[in-house]
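Engineer: Let me begin by handing over the structure; questions about it come next.
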Amino acid sequence: MQITIPAELLTYLIIGAALLIQFMWMWLIRKGRDSYLRDIANLRKPSGTLSKYYHWRISEIGNAVGEGVVFELMLIVAILGIAYLISSISALFQTLPIVLMVVLLSLISIIQGIRRVRSLNQEEQKIFDRLEKAEYKIEEVRDIVENLAQAGTESSGETWFVLFKLATRQTPIGVSIREVLQERAKQLSKKVKKAQLDLPLKEESEGDTGPAIEFE
Numbered sequence: 002m003q004i005t006i007p008a009e010l011l012t013y014l015i016i017g018a019a020l021l022i023q024f025m026w027m028w029l030i031r032k033g034r035d036s037y038l039r040d041i042a043n044l045r046k047p048s049g050t051l052s053k054y055y056h057w058r059i060s061e062i063g064n065a066v067g068e069g070v071v072f073e074l075m076l077i078v079a080i081l082g083i084a085y086l087i088s089s090i091s092a093l094f095q096t097l098p099i100v101l102m103v104v105l106l107s108l109i110s111i112i113q114g115i116r117r118v119r120s121l122n123q124e125e126q127k128i129f130d131r132l133e134k135a136e137y138k139i140e141e142v143r144d145i146v147e148n149l150a151q152a153g154t155e156s157s158g159e160t161w162f163v164l165f166k167l168a169t170r171q172t173p174i175g176v177s178i179r180e181v182l183q184e185r186a187k188q189l190s191k192k193v194k195k196a197q198l199d200l201p202l203k204e205e206s207e208g209d210t211g212p213a214i215e216f217e
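Going by my numbering, the sequence shown opens with residue 2, and the numbers climb by one from there.
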């Protein structure tokens with residue numbers, strides 16, 4: 002039995018359902034990204050389900066496109082289902098402009114995600130080609146890491162991401178990147194420990210300088 006409701010209320014329900022589906026999709030992507038970042042930051046392959054999902058998502062543009070198509074279909078089916086269960090298809094036609102706006106906004110979000118994946122893949126291919134051609138791969142990786150370190154906060158986050166992603170591969174390129182990143186991590190660890198050891202000594206020397214002796 003269908004319940005007849007005003008078109009205005011149906012509009013709010015459609016928008017609410019679309020926002021809920023969008024939120025759940027974005028939450029899934031963010032959880033997968035965080036899990037994936039933890040894995041590659043420790044130079045290991047994706048281990049958890051969400052981490053593997055995110056790895057699959059960014060591995061190829063086709064995967065991101067397929068995910069977007071599935072999401073869009075789910076959204077459309079949800080809208081049609083709401084209209085059929087609590088109102089009627091004729092009521093849906095009355096709110097068609099809102100439905101089209103919701104679908105268009107979700108499509109824009111999907112396109113943005115696909116563009117980010119494409120950008121990552123292009124950066125990965127660029128670094129892969131550079132290291133593939135290099136005779137001394139470790140030296141080439143050191144050069145890339147050194148340039149990124151010197152750039153500081155202005156360095157490309159995509160490049161760092163791609164380096165850690167490639168480091169999980171069991172290939173000459175992956176091994177070379179892992180060696181350099183581990184080497185870099187040890188250097189940073191030593192600097193941090195040295196700074197922690199020097200700090201109390203400096204504070205002590207500054208706090209117990211004693212009275213100054215003046216020579217006339």
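Glycine residues also receive a C-beta, built at the ideal position from the N, C-alpha and C atoms.
None of these values were measured; they are calculated from a predicted model.
#1: With distance defined between alpha-carbon atoms, name the residue in V181, M27, L20, Q151 nearest to E141.
#2: R34 and T169 look like a contact to me (Cβ under 8 Å); what is the Cβ gap, rounded to whole Å?
#3: Cutting at 7 Å between CB atoms, please list the residues of its own chain near Y54, excluding the five before and the five after it.
#4: Examine the Cβ distances between the region 128-138 and the region 158-176 and report whether three or more of them are shorter than 8 Å.
#5: What does the alpha-carbon distance come out to for the pair T50 and S110?
#6: With DSSP run on the structure shown, which of helix, strand or coil describes T12?
#7: DSSP on G67, reduced to helix/strand/coil?
#8: Between P47 and the rest of its own chain, which residues show a CB-CB distance below 7 Å, the 5 nearest in sequence each way excluded?
#9: Return helix, strand or coil for Q17, following the three-state DSSP convention.
#10: Does the Cβ-Cβ distance between I77 and A18 come in under 8 Å?
#11: Between which residues of its own chain and E68 is the CB-CB distance below 7 Å, once the five residues before and five after are set aside?
#12: Quick one: what's got a C-beta closer than 8 Å to V146's C-beta in the same chain, skipping five residues either side?
#13: Which residues in the same chain as Q126 place their Cβ atom closer than 6 Å to its Cβ, once the five residues preceding and following it in sequence are excluded?
#14: Determine the burial state of I112: buried for a count of at least 16 other Cβ atoms within 10 Å of its Cβ, exposed for fewer.
#15: Could you have a look at K46 and say whether DSSP puts it in helix, strand or coil?
#16: Beta-carbon within less than 7 Å of K138's beta-carbon, same chain only, minus the 5 sequence neighbours each way: which residues are those?
#17: Comparing alpha-carbon positions, which option in S60, V103, R179, I87 lies nearest L74?
#18: Look at I16 and I99 and say whether their C-beta atoms are less than 8 Å apart.
#19: So, is V118 buried or exposed, given that buried needs 16 or more other C-beta atoms within 10 angstroms?
Structural biologist: Concretely, from the data shown:
#1: Position 140 of the sequence shown holds residue 141. Cα-wise, what sits closest to E141 is V181.
#2: Numbered from its first residue, the sequence shown carries residue 34 at position 33. Numbered from its first residue, the sequence shown carries residue 169 at position 168. Not quite, the Cβ-Cβ distance comes to about 15 Å (not below 8 Å), so this is no contact.
#3: Position 53 of the sequence shown, counted from the start, is the residue given in the question as residue 54. Same-chain partners within the cutoff: G33.
#4: yes
#5: Position 49 of the sequence shown, counted from the start, is the residue given in the question as residue 50. Position 109 of the sequence shown, counted from the start, is the residue given in the question as residue 110. Computed Cα separation, rounded: 24 Å.
#6: Here residue 12 refers to the residue found at position 11 of the sequence shown. Residue state, collapsed to three classes: helix.
#7: Locating residue 67 in the sequence shown gives position 66, where the first residue counts as 1. Helix at G67.
#8: For the purposes of this step, residue 47 is taken as residue 46 along the sequence shown, with counting starting at 1. These residues qualify, in order along the chain: Y37, D40, K53, H56.
#9: Start at 1 with the first residue of the sequence shown, and residue 17 comes out as number 16. According to the sequence provided, residue 17 is Gly. The question's Gln does not apply to it. If DSSP states are grouped into helix, strand and coil, G17 belongs with the helices.
#10: Residue numbering aside, residue 77 sits at position 76 when the sequence shown is read from its first letter. Residue numbering aside, residue 18 sits at position 17 when the sequence shown is read from its first letter. Not a contact, by the Cβ cut-off of 8 Å.
#11: For the purposes of this step, residue 68 is taken as residue 67 along the sequence shown, with counting starting at 1. Correct list, in chain order: R58.
#12: Stepping through the sequence shown from its first residue, residue 146 is reached at position 145. Only L164, V181, L182, R185 meet the Cβ criterion.
#13: In the sequence shown, counting from the first residue as 1, residue 126 sits at position 125. Cβ within range, chain order: n/a, list empty.
#14: Reading the sequence shown from its first residue, position 111 is the one you call residue 112. Looking at its Cβ environment, which holds fewer than 16 other Cβ atoms inside 10 Å, I112 is exposed.
#15: In the sequence shown, counting from the first residue as 1, residue 46 sits at position 45. Three-state result, K46: coil.
#16: What you label residue 138 is simply residue 137 of the sequence shown in a count that begins at 1. Answer for K138: L132, P173, I174, S177, listed in chain order.
#17: Along the sequence shown, one-based indexing puts residue 74 at 73. Considering only alpha carbons, the answer is V103.
#18: Residue mapping note: residue 16 aligns to position 15 of the sequence shown, counting from 1. Residue mapping note: residue 99 aligns to position 98 of the sequence shown, counting from 1. Yes, the Cβ-Cβ distance between I16 and I99 is below 8 Å.
#19: Walking along the sequence shown from the start, residue 118 turns up at place 117. Buried: at least 16 other Cβ atoms inside 10 Å.
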